[in-house]
Amino acid sequence: MLPKMELSEVYAALGRERFEDLLGRISMGSLRTYQIFDSLKVYARLNKLNRERLRKAAGPLWQRLEEGDQDLARELAQAVLVSNLSFVVEALDFLEIPHDGNGFFSKDEAVADKLSEGWQKRVFEEFRERYPESVILLYINHLDWELAKPNTPFVV
179 MLPKMELSEV YAALGRERFE DLLGRISMGS LRTYQIFDSL KVYARLNKLN
229 RERLRKAAGP LWQRLEEGDQ DLARELAQAV LVSNLSFVVE ALDFLEIPHD
279 GNGFFSKDEA VADKLSEGWQ KRVFEEFRER YPESVILLYI NHLDWELAKP
329 NTPFVV
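Everything in the sequence shown is counted per the numbering used here, starting at 179 for the first residue and increasing by one.
Listed below in structure tokens is the structure:
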């Protein structure tokens, strides 16, 4: 049996260019709104967090992800996703996954049942014209990681 995929593997599968694109899509305002600004600053090991410093830290962050830093992988995914909640909401609606209207859903519900065969490709095709590929692929893999526990990342 193959081991279950880790989030750091998702970044590796997406590649460095997409990773840097994801960093550029993090909104400091969203981080503050959802109260994850300080935790990202700690996990990223930055004394001061802003878009420029985050962009400049791409190399060391990438290296840590390559080394399998799961805490950093989770924190970065959360930062990207709260910064792109309009997409998250639309994706959940598309998949018919009940949520609170802001893209958050109960982990206790049988949500994994909504992920039918081929859902990743359907989500990618549905949104690829309207949202950045890097964000779509991160969310597909994050949702899969949370609910279905796949063995390998989904990439195109």
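Heads up, the beta-carbon is just placed ideally off N, CA and C, and yes, glycines get one too.
Run through DSSP, which three-state label would residue i get?
i	result
residue 330	coil
residue 279	coil
residue 288	coil
residue 203	coil
residue 307	coil
residue 223	coil
residue 213	coil
Does the distance between the C-beta of residue i and the nearest non-hydrogen atom of the ligand FAD fall short of 6 Å?
i	result
residue 272	In terms of ligand content, the structure shown is empty, and the ligand FAD therefore cannot be addressed.
Assuming residue i is part of the alpha helix (DSSP H), what are its boundary residues?
i	result
residue 318	311-325
residue 249	248-260
Which word fits residue i, buried or exposed, when buried means at least 16 other C-beta atoms lie within 10 angstroms of its C-beta?
i	result
residue 272	exposed
Rounded to a whole number of angstroms, what is the C-alpha to C-alpha distance between residue i and residue j?
i	j	result
residue 191	residue 307	21 Å
residue 186	residue 324	14 Å
residue 298	residue 188	14 Å
residue 328	residue 182	6 Å
residue 234	residue 208	20 Å
residue 249	residue 241	14 Å
residue 302	residue 244	25 Å
residue 309	residue 225	31 Å
residue 199	residue 334	16 Å
residue 215	residue 321	22 Å
residue 283	residue 237	33 Å
Quick check: the segment 245-259 against the segment 312-324, are there 3 or more CB pairs under 8 Å?
-> Per the Cβ contact rule, the segment 245-259 is in contact with the segment 312-324 (3 or more Cβ pairs under 8 Å).
Assess, as a yes-or-no matter, whether the segment 261-272 is touched by the segment 224-233 under the definition of 3 or more beta carbon pairs within less than 8 Å.
-> Output reads no: the segment 261-272 does not touch the segment 224-233.
Flag this pair as touching only if the segment 245-254 and the segment 288-298 have three or more C-beta atom pairs under 8 Å; answer yes or no.
-> Short answer: they don't touch.
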